[in-house]
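*Asks:* This is the structure I want to talk about, given as structure tokens.
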Amino acid sequence: MTTTALIAELVIGGIQTLGWFALLAMLWIPPARLITVIRTLNATEGVLLFVLAYGTGVVFDRLWDALLYPYHRHIKARALKKPGMIPKFRFLLFSGDPVRANFMEYLRSRMRVARSTLCNSAMAALIAAIVWQLRRTEPWSLWLALVGSFFAILALVSVYAFQNITRHYYEALEGFATAPTTHANPPAR
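In my numbering, the protein residues as written are 92 to 280.
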């Protein structure tokens with residue numbers, strides 16, 4: 092996996108996390124004021140926000156990974172015929188076929204983004220519901236209810252995506268590791 096792809100994943104997760112932080116801030120700051128603050132950011136503040144998003148993404152990626160580990164382990168156990176062979180499968184795949192190895196890294200990247208989207212959307216839905224409950228008399232509360240509903244639906248769809256991508260990853264890992272490798276330039280006879 093390239094460093095750029097990993098940074099992009101973590102920035103995506105960090106931006107999602109900062110999004111539900113912004114929803115949480117609505118307990119104290121009205122949305123119009125929050126939007127004004129975000130709109131008036133200069134370039135330096137934008138870069139600092141980007142750095143904050145990356146750092147937040149790193150921390151929450153580890154948290155979401157730990158939180159979903161039991162579910163991940165369950166999916167892996169159901170997908171593999173030989174779960175104890177994963178280190179060998181990874182070694183065979185990553186040492187023998189860079190094209191397949193790149194595809195597996197692409198699947199892992201998608202798995203991380205799906206995991207991040209699942210957890211951050213669930214948090215956003217929960218926080219939107221809490222803020223709506225406490226601020227339902229505000230003129231913007233209907234908007235908040237719609238945003239919370241959107242994130243609840245996104246979290247449910249993300250469960251499906253995370254499960255399928257994770258299952259596909261382990262099935263492909265086992266299949267690629269046990270299949271003969273193909274070479275772009277076969278040996279001369």
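Positions of the beta carbon are idealized from the N, C-alpha and C atoms, including for glycine. Keep in mind it's a predicted model, so treat the numbers as computed, not measured.
If we count the other Cβ atoms within 10 Å of its Cβ and call it buried at 16 or more, is V190 buried or exposed?
*Replies:* So V190 counts as exposed.
*Asks:* Compute the Euclidean distance between the alpha carbons of R280 and F194, then round it to the nearest angstrom.
*Replies:* Any answer about R280 is weak, because its pLDDT of 45 lies below 50 and its placement is not dependable; what the coordinates show is given next. About 30 Å.
*Asks:* Which stretch, first to last residue, makes up the alpha helix (DSSP H) that contains W111?
*Replies:* Start and end: T94 to A116.
*Asks:* Out of V142, P121, T108 and L247, which has the shortest C-alpha to C-alpha gap to W234?
*Replies:* That would be P121, whose Cα lies nearest to the Cα of W234.
*Asks:* Exposed or buried, which one is N211 when buried takes at least 16 other CB atoms within 10 Å?
*Replies:* N211 comes out buried.
*Asks:* Helix, strand or coil for L140, going by three-state DSSP, please let me know.
*Replies:* Three-state result, L140: helix.
*Asks:* Please classify E265: is it buried, with 16 or more other beta-carbons within 10 angstroms of its beta-carbon, or exposed?
*Replies:* That one is buried.
*Asks:* Since W119 is in the alpha helix (DSSP H), which residue starts that stretch and which ends it?
*Replies:* Looking at the DSSP string, W119 is not in any alpha helix (DSSP H), and its letter there is neither H nor E.
*Asks:* In angstroms, rounded to a whole number, what distance separates the CA positions of R169 and L159?
*Replies:* If I take the Cα positions, the gap works out to 16 Å.
*Asks:* Compute the Euclidean distance between the alpha carbons of T127 and V149, then round it to the nearest angstrom.
*Replies:* Cα to Cα, T127 sits roughly 27 Å from V149.
*Asks:* Quick check on this structure: which residue in P178, Q254 and I98 has the alpha carbon closest to the alpha carbon of R164?
*Replies:* Closest by alpha carbon: Q254.
*Asks:* In its own chain, which residues sit with a C-beta less than 7 Å from the C-beta of F242, not counting the 5 before and 5 after it?
*Replies:* Excluding sequence neighbours, F242 sits near S212, A215, A216 and A219.
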